[in-house]
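Written below as structure tokens is the structure these notes are about.
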Amino acid sequence: MGSRLSASTARSGRSGRPALPVEVVIPVYNESAVLRDSVNRLHRYLAEHQLAAWQITIADNASTDDSWQVAIRLAAELPGVRAVHLDRKGRGRALKEVWLHSQARVVAYMDADLSTDLAALLPLVAPLLAGESDLAIGTRLVAGARVRRGLRREVLSRGYNRLLRLALHSRVSDAQCGFKAARSEAARALLPLVESDGWFFDTELLMLAQRNRMPIHEVPVAWVDDPDSRVAIGPTIVEDLRGIWRLRRAFGAGKGRLPASTSGPATSDPPRSPERPDDQPTDPEPSDRRFSLNLNWLEGSDL
Ligand SMILES: Nc1nc2c(ncn2[C@@H]2O[C@H](COP(=O)(O)OP(=O)(O)O)[C@@H](O)[C@H]2O)c(=O)[nH]1
Ligand SMILES: [Mg+2]
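Written as structure tokens, this is what we have:
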């Protein structure tokens, strides 16, 4: 996939810890205006919140501004930060590349503009570290979320998620929030099935997880939209519609199932029959679980 690492890479957040519990990826395309500030904020947050050990990976795809130079400098300056460069564009491509090769137990990503309040990060990863869930997503579309964004984006977002419910029986409230995490084992099982290297990556990953009965934990987030966007609305809508159609056909043909042995902790139920490929619960009690986490155990644990 044509990736290279910066000179100073792969340092964990705390020294002397053999295992790396969490790797947070920041996918980057032309983000030089915000990258330094965002990585510094995330770095400070992780250091202050004592998340056992962690790594931040800046994953740049072919930026044409000086994002890559900024990324290299940040990796040299900050312990626990590394930079990865890929030659070809695509946020999904970057996440696949880093997540597939991660040494961490939990992989996460967040958009470079840090639209999501970082307070949601520990609730996002805690159930994954505890083995209670396979995937975790930030959501802007449930009670408890606080969202500031324009009407057009709000309508598009709600419409898209409604379409997913109709077309793919989605039980995910917000497939597109740029704030997600997965147990690495679950990610490694699912990622080879994900065809999209672009914006549809998130939806495809989630629908495949749901199809394989992997629990998806939802965390309501505080979100302040950054109007500086890399998304070209028209082509992205076309990409999404094509993706939904592709998944419908694939699932209808019985595809998208993992072998039983690669399923996660909550995937031991026998697979459903191919006649009802999409009718699978995402998380039987997402709202109960959402607020019941005790995060204290993260501190000083040897995870
Ligand atoms: N690695 C990588 N990241 C990308 C690419 N395109 C967009 N991104 C990143 O994806 C994230 C979300 O993009 P953004 O423009 O904020 O999307 P929006 O919030 O939906 O408007 C940001 O961190 C972008 O830099 C790409 O081709 N490669
Ligand atoms: Mg954004």
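So for the sequence shown, our numbering puts the first residue at 8; every next one is plus one. Every residue, glycine too, gets a C-beta built ideally from N, C-alpha and C. Predicted model, so just to flag it, every value in this text is computed and none were measured.
Would you mind stating whether residue i and residue j have Cβ atoms separated by less than 8 Å?
i, j, result
"A111", "S191", "yes"
"D181", "R147", "yes"
"R100", "D204", "yes"
"Q41", "A115", "The sequence shown places Val at residue 41, not Gln. Going by C-beta atoms, V41 is not nearer than 8 Å to A115."
"L136", "A216", "no"
"G151", "T210", "no"
"M117", "G185", "yes"
"R218", "R264", "yes"
"S140", "I223", "yes"
"L206", "R98", "Before going further, note that residue 206 is Trp rather than Leu in the sequence given. In this structure, R98 lies closer than 8 Å to W206 by Cβ."
"V113", "V29", "yes"
"V201", "L212", "yes"
"L197", "L107", "no"
"R48", "L125", "yes"
"H50", "G87", "yes"
Taking the alpha helix (DSSP H) that residue i falls in, what are its first and last residues?
i, result
"Y116", "It is not in any alpha helix (DSSP H) - Y116 instead sits in the beta strand (DSSP E) that spans 111 to 117."
"K187", "No alpha helix (DSSP H) holds K187; the beta strand (DSSP E) holding it covers 186 to 190."
"W106", "98 to 107"
"G166", "158 to 175"
"V238", "Element bounds for V238: n/a, residue is neither H nor E."
"A267", "Element bounds for A267: n/a, residue is neither H nor E."
"A133", "128 to 136"
"T210", "208 to 218"
"A82", "74 to 84"
Strictly by DSSP, which residues pair up with residue i?
i, result
"F258", "Note: F258 sits in no beta bridge, so no partner."
"H50", "Its beta-bridge partners do not exist; DSSP assigns none."
"W230", "T123, V154"
CB-CB under 7 Å to residue i, same chain, minus the five flanking residues each way: which ones, in chain order?
i, result
"V105", "V32, T64, A66, V91"
"L27", "S19, A60, Q62, Q110, A111"
"R255", "A174, L175"
"V231", "S122, R155"
"N68", "Y36, L93, R95, K96, G97, R100, A101"
"A257", "G263"
Identify, in the order they occur along the chain, each residue of the same chain with its Cβ nearer than 6 Å to the Cβ of residue i, setting aside the five sequence neighbours on each side.
i, result
"V226", "A127, P130, L131, G145"
"D233", "D120, S122"
"A260", "none"
"R153", "A229"
"M356", "Only positions 8 to 310 of the chain appear in this structure, which leaves residue 356 out of reach."
"R43", "V77"
"V46", "L81"
For a cutoff of 8 Å on Cβ pairs, would you count residue i as touching chain D?
i, result
"G97", "Here there is only one protein chain, and chain D is not present."
Under DSSP, the beta strand (DSSP E) around residue i begins and ends at which residues?
i, result
"A90", "88 to 93"
"N68", "61 to 68"
"R153", "153 to 155"
"V29", "27 to 35"
"E225", "223 to 227"
"T146", "142 to 146"
Would you check whether ligand 3 has a heavy atom nearer than 7 Å to the C-beta of residue i?
i, result
"A78", "Of the ligands this structure carries, namely ligand 1 and ligand 2, none is ligand 3."
Excluding the 5 residues flanking residue i on each side, which residues of the same chain have their C-beta closer than 8 Å to its C-beta?
i, result
"D73", "S39"
"L102", "V32, P34, A66, Y116, F208"
"N37", "S70, T71, D72, S74, R237"
"A193", "D141, L142, A216, M221, G271"
"R296", "Summary for R296: the model assigns pLDDT 33, below 50, so the residue's position carries little reliability; its value from the coordinates is reported in the next sentence. Answer for R296: P134, E139, S140, H224, D290, listed in chain order."
"L170", "I251"
"I240", "L163"
"R160", "D232"
Exercise. Which residues have their C-beta within less than 6 Å of a heavy atom of ligand 2, listed in chain order?
Worked result: D118, D120, S122, D233, S236
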